[in-house]
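For reference, the structure is listed below as structure tokens.
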Amino acid sequence: MSSELLFYKLGMVLFVFAASMVVALYSTYGERKIAAFLQDRIGPNRAGPFGLLQPLADGIKMFMKEEMLPEASSKWLFVLGPCLAMMVALTTGVVIPWAKPIMLDGQPFHFQVSDINIGILYVFGVVSIGVYGIMIGGWASNNKFALLGALRASSQMISYELAMGLSIVALVMTTGTLSVNEIVAQQDAGICNFVYQPLGFLIFLICAFAETNRAPFDLPECESELVGGYHTEYSSMKLGFYLFAEYINMFISSAIISCLYFGGYNFPFAHEMEGILGENMVRVLGFGFLFAKIFGFIFLFMWVRWTLPRFRYDQLMNLGWKVLLPLSILNIVLTGLFLMRNELLDLIIK
Amino acid sequence: MERLTNRSKIVVNKQMTLAEKMYLPAIANGMVITLKHLFKKPATISYPEEKRYIAPVYRGQHVLKRDEAGAERCTACGLCAVSCPAEAITMTAAERRKGDEKLYREEKYAAVYEINMLRCIFCGLCEEACPKEAIFLTDRIVDVSGNREDMIYGKDKLTEPMAADKRIDVSVRQTQEVLDFKQNKAFGHNRTHLDLAKYIQQKNHH
């Protein structure tokens, strides 16, 4: 590997890392502000102008808190849990194409850490490791409430991963590729996958809410009922890691939804604008559009959180297994019929 | 059973329609409602910088008034304590000593006068009961405190300062109408049982 490539990859990794961190950091601020606005309040406005330094203050607070290791916990796993949650959250960003390759001196400059041809599969693989972060954390705490919280969290995540995977199968059927880069590139024509897969999108969106443990699926945490769920025993930055991982997950899943269903960096009239602004300028604009889409979805996540009440556990399981799973299978069947429509018509005519 | 109000609804265990079972229309409705709130003016204010409007007749921290010469008006009659529904007022009466004429207007005065601000409900009945125009509620807000002892306000905090420029203005509360009302035997606490009987007699007569 040439050193140039190494530096370039390192730069991209740093970019994804920084972007995930900064967006997640300010999502906490955004969450509190949006919650406040939706409830006719003002929200944090003490730290810095408009309270913009609030996330930093929260971070400092988290670091300053007393670090607690429960006496009866298995120490190594107890520390591993939040690390795993954080690591998994940060690694999913690798396959997202942030912009169309920008041409510098005739060389394409890819805005993606790695264009693996099984990008979606990679995301699913990594996301399913996320369950271990929660499970290990809850189990290592040696606290029955934490364990129960971890149990319901992991069973929720496993249940919804199924429907999520099946909704993606339908998308893969229409696109014919597992590479996120290619899926985004295919939507260049102006029609995004949402048009072909409205039901699939809905299922994926609902499952994304469940996967990120966001309301109305925030049973793993549910502060009001479960003494904090799986992170009951956690304090200081270890707790911060769990909470922060949720926001990174939210950012990454917004990015994935935007890429898979809403055209990623593509935007309307991009080709027409290329003539006026030049190719690279439009690609930079596309980068901005992708982030606009991501922020739109992050807003949706928060908007839903402050609108809908939490599911009861049996309702959650009913929705996952009895509604979303059959629906996603139906979606696959319908997509298959649609894709084979010509052959089917031929059959009927004959 | 006879219904007390017309607000109650008869509940039926009806089957949900398909639209209701899907929940999505209901969710959309809810989202629209919350979105509307996003653009509403906040109901809260940034308190220390911005203060909410306080009506001129706001009932806040009490003041024990002095008369024009600077003597305390309170005679420790105890009517305020009796009228207080929260039982927040306590006092100890004392006889005025010779030479204290400038400090206390009448021969009897309150040596100790305490209002427990945690008990007080700021109803203003003490003010209404006072025959000497000595106690008033003002538009000042009672300060917060970390312990309960500090919330029992004694005369040091309640009595108005002697200096002319530091006097607490209660003219908004003590209007002519209020004074007339307090003098009128037909109303309120000024009624004795004899007055009341006379008043009822008059009313029946008309």
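Those sequence lines, one after another, are chains B and R.
115 is the number of the first residue of the first sequence in our numbering; add one for each residue after it.
747 is the number of the first residue of the second sequence in our numbering; add one for each residue after it.
Glycine included, C-beta positions come from ideal geometry on N, C-alpha and C.
Going by the beta-carbon positions, is the gap between residue i and residue j smaller than 9 Å?
i: residue 822 of chain R; j: residue 859 of chain R; result: yes
i: residue 263 of chain B; j: residue 279 of chain B; result: no
i: residue 883 of chain R; j: residue 831 of chain R; result: no
i: residue 809 of chain R; j: residue 881 of chain R; result: yes
i: residue 225 of chain B; j: residue 409 of chain B; result: no
i: residue 95 of chain B; j: residue 157 of chain B; result: Missing from the structure shown is residue 95 of chain B; chain B here goes from 115 to 464 and no further.
i: residue 906 of chain R; j: residue 914 of chain R; result: yes
i: residue 247 of chain B; j: residue 198 of chain B; result: yes
i: residue 838 of chain R; j: residue 815 of chain R; result: no
i: residue 377 of chain B; j: residue 292 of chain B; result: no
i: residue 277 of chain B; j: residue 438 of chain B; result: yes
i: residue 380 of chain B; j: residue 365 of chain B; result: no
i: residue 384 of chain B; j: residue 334 of chain B; result: no
i: residue 875 of chain R; j: residue 820 of chain R; result: no
i: residue 357 of chain B; j: residue 142 of chain B; result: yes
i: residue 361 of chain B; j: residue 139 of chain B; result: yes
i: residue 770 of chain R; j: residue 417 of chain B; result: no
i: residue 211 of chain B; j: residue 222 of chain B; result: no
i: residue 311 of chain B; j: residue 456 of chain B; result: no
i: residue 355 of chain B; j: residue 200 of chain B; result: yes
i: residue 817 of chain R; j: residue 850 of chain R; result: yes
i: residue 772 of chain R; j: residue 766 of chain R; result: yes
i: residue 241 of chain B; j: residue 202 of chain B; result: yes
i: residue 374 of chain B; j: residue 297 of chain B; result: yes
i: residue 745 of chain R; j: residue 865 of chain R; result: Any question about residue 745 of chain R goes unanswered here, given that chain R covers just 747 to 952.
i: residue 144 of chain B; j: residue 405 of chain B; result: no
i: residue 259 of chain B; j: residue 343 of chain B; result: yes
I want to verify the contact list: residues of chain B whose CB lies under 7 Å from the CB of residue i, in sequence order.
i: residue 792 of chain R; result: 156 and 159
i: residue 788 of chain R; result: 154, 155 and 156
Going along chain B in order, which residues have a C-beta closer than 9 Å to the C-beta of residue i?
i: residue 784 of chain R; result: 148, 151, 152 and 417
Using the beta-carbon of each residue, which ones in chain R are nearer than 7 Å to residue i?
i: residue 435 of chain B; result: In chain order: nothing, as chain R lies at least about 16 Å away.
Residue i versus chain R: which residues are under 9 Å apart at the beta carbon?
i: residue 421 of chain B; result: 773, 776, 777, 779, 780 and 781
- Task: Kindly provide the ranges of any alpha helix (DSSP H) runs that are 4 or more residues long and lie completely inside the segment 280-368 of chain B, ordered along the chain.
- Result: 294-300, 307-310 and 312-325
- Item | Contact list for the segment 263-295 of chain B against chain R, Cβ threshold 9 Å | none
- Please list the segments of the beta strand (DSSP E) lying wholly inside the segment 846-887 of chain R, counting only runs of 3 or more residues, in order along the chain. 854-862 and 881-883
- Whole runs of the alpha helix (DSSP H) within the segment 174-218 of chain B, excluding any shorter than 4 residues: 189-205
- Message: For the structure I just gave you, are there three or more beta carbon pairs, one from the segment 138-152 of chain B and one from the segment 305-324 of chain B, closer than 8 Å?
- Response: no
- Message: Does the segment 294-308 of chain B come into contact with the segment 423-438 of chain B, if we say contact requires no fewer than three beta-carbon pairs (one atom in each stretch) closer than 8 Å?
- Response: no
- Segment contact, 8 Å Cβ cut-off, at least three pairs: the segment 325-332 of chain B with the segment 264-275 of chain B: yes
- Query: Would you say the segment 191-209 of chain B touches the segment 126-136 of chain B, given that touching needs at least three Cβ pairs under 8 Å?
  - Reply: yes
- Task: Could you tell me whether the segment 174-188 of chain B touches the segment 342-349 of chain B, where touching means 3 or more Cβ pairs closer than 8 Å?
- Result: yes
- Message: Threshold first: 3 residues or longer. Then list the beta strand (DSSP E) segments lying entirely within the segment 787-838 of chain R, N to C.
- Response: 808-810
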